[in-house]
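J.: The structure is given below, and queries will be raised subsequently.
Chains as they are written, first to last, in the working numbering: chain A, 364 to 761; chain B, 9 to 323.
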């Protein structure tokens, strides 16, 4: 225990309203305190420097996911739903579902969607810009993924309004059982039932991501009972994350008009712009791991079974890794940012998110010369996501 | 040596059976090696320029080393002879991948059939099947007991392992061993072409997808990997940059002003995929299948290089 006592400690609640509203101060405090900081409120080990976050992310042997990537430790506690075969699994169980989904969501598999998504983005942007002012969160950041992603998965039209609240709950559930969790809890059985129904073979249109997952089960690449859970991963992790990633990049350009100008002059920066926004805002702020056995990080021993809270958002602004980390800057190479994670659990849908962003930004860059906020932006609090409720703005059109 | 050019040190070379050496490869700086799954292979670029593919047969929980088994092929094109006769501990080899064309799918039971050095990709599969508590059996044939590698390692599994040296028990009786189709059992076979043909013939009555095979022949790439610098033309932005052996294509083109986004820098995540307009890449990624590699229409510049004097990229 002496090693634990020698650790720097912090009693801040990283899931409290203050930290969720603006985590910058907490992130800086944790980064400066040391490679590992013990969070007394939850009895977990915080890691906030880029180097150590990245090392923990890639080291699946020492930092397991199967005990849950939230605060709850599945070694002792029952999860709120059957664990994810991807996010909450380690090799060897993780291998087959990951391989199947990586193929279905890989860049070459997405080529067939590119033209269509660019056309949908163009049509949507045309419609939104017809209004003098709009709220970019519902009008663009939510509307675009909700148009293209459920279609790409192949779920029906009915009930798609359940996707955002379900995802919001799932990401809240990685945190403690606070108000954010409790307020949504009554709706969860209904939302879960709806989502589970969409994962069935019969519910999925031919040729979508969902049908391809079932086809993989028919080939024996995964088992038939794994297929619905893999579809569920798409529906859980594929919507809210992209929504808040798109909101992040729209907020970035609304508050950095010079950078928008730069993107318009150099459209080849579009992909890097989205990753820079993901670095800068880190839509997924945190994930936990569990020390498989006693494991060292930066000279500190984490006891086996101990929970490690990795601050992706803090790592993405660690001045040890990034120059002027708080600036959104298209001249920066954001490669290596950990907003999508790193290693074998790295976001399997990252290429989907990047394609959605590229489609939307390209459509906007064709028309908009400048974004201006018309009111105060409002955050949406979530235990895991750095999210937006509202980004009221107007767009000057060329 | 740049960390972006995957070069590993031969940390150990051990003769483990008649005509078979095991190589242990490690990063010269002791860094963690890219992840792999059972059935995966790596491309090894030997100091004489030959590229050969070898299955990984070690332990994926040990992140610092790769292990491969190399059979001396008297009628081969010289790669295995080089490994046996010339390569020594401390030498450096280039490494591409790991890639997996022979993945282990989930199943309640497995029959593994190995012929000779074809045991190598099956070893990590067996370890994994055992870990998962699956029902499994291994039929392992070879010319002579002394030529059959990894016998000691397999001995620990007891009665599940069936060694069949040809000089003691004749050719493998595949039809008798496969028997009638059993639901929930997958068959994994790796070995020389006659063994695969025998398994496929005996397999007709089994359901589709229950059999997975890997043909164990020398790798397709015969042209030596190049040590000399090559030029990369950026077709859209109009520049040309020379890439030396110590720098990745990714770093070179970024320095020349191309906006290529990357992430893992190991050829695994796919973020830096770049369209190739002309020239033949030397693919070192973990993503493309052999078929996709042969198309030569895209590459992952974080790890892949060039076989030709000039590569033209859509940048």
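Built from N, CA and C at the ideal position, the CB exists for glycine as well.
Excluding the 5 residues flanking residue 678/A on each side, which residues of the same chain have their C-beta closer than 6 Å to its C-beta?
T.: 413, 416, 701
J.: 9 Å is my cut-off, CB to CB: does residue 622/A come that close to chain B?
T.: no
J.: The alpha helix (DSSP H) with residue 312/A in it runs from where to where?
T.: The structure shown does not extend to residue 312/A, since chain A is modelled only from 364 to 761, so the question has no answer here.
J.: Grab the span of the beta strand (DSSP E) containing residue 239/B for me, first residue to last.
T.: 238-242
J.: Determine the extent of the beta strand (DSSP E) in which residue 193/B is found, giving its start and end residues.
T.: Unbroken beta strand (DSSP E) run through residue 193/B: 193-199.
J.: Determine the closest residue to residue 246/B out of 186/B, 84/B, 323/B, 129/B, with distance taken between C-alpha atoms.
T.: 323/B
J.: Can you list, in chain order, the residues of its chain whose CB lies under 6 Å from that of residue 738/A, leaving out five sequence neighbours each side?
T.: 755
J.: Let me know the beta strand (DSSP E) ranges lying completely inside the segment 608-642 of chain A, each 3 residues or longer, listed in chain order.
T.: none
J.: Residue 132/B and residue 237/B - do their beta-carbons sit closer together than 9 Å?
T.: Not closer than 9 Å, so no.
J.: For residue 297/B, which of helix, strand or coil comes out of DSSP?
T.: For residue 297/B, the three-state secondary structure derived from DSSP is coil.
J.: Give a yes or no on contact between the segment 489-500 of chain A and the segment 602-617 of chain A, applying the rule of three or more CB pairs nearer than 8 Å.
T.: Between the segment 489-500 of chain A and the segment 602-617 of chain A there are three or more inter-stretch CB-CB distances shorter than 8 Å, so the stretches are counted as touching.
J.: Just the Cα atoms here: how many angstroms apart are residue 295/B and residue 107/B?
T.: Rounded to whole angstroms, the separation of the alpha carbons of residue 107/B and residue 295/B is 7 Å.
J.: Within the same chain, show all residues whose beta-carbon is closer than 6 Å to that of residue 409/A, passing over the 5 residues directly before and after it, in chain order.
T.: Shown here for residue 409/A: same chain residues with a beta carbon closer than 6 Å to its own, the five before and five after excluded, namely 393, 400, 402, 672 in chain order.
J.: Give the range of the alpha helix (DSSP H) segment to which residue 713/A is assigned.
T.: 713-730
J.: Unbroken beta strand (DSSP E) runs of length 3 or more, entirely within the segment 120-154 of chain B: which are they?
T.: 143-150
J.: With H, G and I counted as helix, E and B as strand and the rest as coil, what does DSSP make of residue 90/B?
T.: helix
J.: Leaving out five residues on either side along the sequence, give the residues of the same chain with a beta carbon under 7 Å from the beta carbon of residue 745/A.
T.: 531, 534, 535, 543
J.: List the endpoints of the continuous alpha helix (DSSP H) containing residue 576/A.
T.: 572-582
J.: Under 9 Å, Cβ to Cβ, is there at least one residue of chain B near residue 706/A?
T.: Interface residue, yes.
J.: Using 10 angstroms around the beta-carbon of residue 270/B, count the other beta-carbons present and answer buried if the total reaches 16, otherwise exposed.
T.: buried
J.: Helix, strand or coil, according to DSSP, for residue 226/B in the structure here?
T.: With a pLDDT of 46 at residue 226/B, under the threshold of 50, the modelled position of that residue is not reliable, and no figure is offered here.
J.: Output, in chain order, the set of chain B residues within a Cβ distance shorter than 8 Å of residue 469/A.
T.: 278, 295
J.: Using a 10 Å radius around the Cβ and a threshold of 16 neighbouring Cβ atoms, would you call residue 760/A buried or exposed?
T.: exposed
J.: Taking Cβ positions only, does residue 644/A come closer than 9 Å to chain B?
T.: no
J.: What residues in the segment 136-158 of chain B bring their beta carbon closer than 7 Å to a beta carbon of chain E?
T.: Looking for chain E here will not work: the only protein chains present are A and B.
J.: Using CA atoms only, rank isn't needed, just tell me which of 617/A, 559/A, 614/A is closest to residue 589/A.
T.: 559/A
J.: Please state if the CB of residue 705/A and the CB of residue 420/A are separated by a distance shorter than 9 Å.
T.: Yes.
J.: Enumerate, from N- to C-terminal direction, the unbroken beta strand (DSSP E) stretches of 3 or more residues contained entirely within the segment 406-434 of chain A.
T.: 407-410
J.: Which chain B residues sit within Cβ distance under 8 Å of residue 585/A?
T.: 113, 114
J.: Can you tell me whether residue 309/B is buried or exposed? The criterion is at least 16 other CB atoms within 10 Å of its CB, across all chains shown.
T.: By the 10 Å Cβ count, residue 309/B comes out buried.
J.: From the beta carbon of residue 214/B, is the nearest beta carbon of chain A less than 9 Å away?
T.: With a threshold of 9 Å between beta carbons, residue 214/B makes no contact with chain A.
J.: At least one CB of chain A closer than 9 Å to the CB of residue 185/B: is that the case?
T.: no
J.: Quick test of the definition: if touching needs 3 or more C-beta pairs under 8 Å, does the segment 682-690 of chain A touch the segment 465-473 of chain A?
T.: no
J.: For the segment 661-695 of chain A, list every residue whose C-beta sits within 8 Å of some C-beta in chain B, in sequence order.
T.: Of all residues in the segment 661-695 of chain A, none has a Cβ within less than 8 Å of some Cβ in chain B.
J.: Closer than 8 Å, Cβ to any Cβ of chain A: which residues of the segment 191-220 of chain B, in chain order?
T.: Taking 8 Å as the Cβ-Cβ cut-off against chain A, the residues of the segment 191-220 of chain B that qualify are 194, 217, 218.
J.: Along the chain, where does the alpha helix (DSSP H) containing residue 63/B start, and where does it finish?
T.: Taken as a continuous stretch (DSSP letters only), residue 63/B belongs to no alpha helix (DSSP H), being part of the beta strand (DSSP E) at 59-63.
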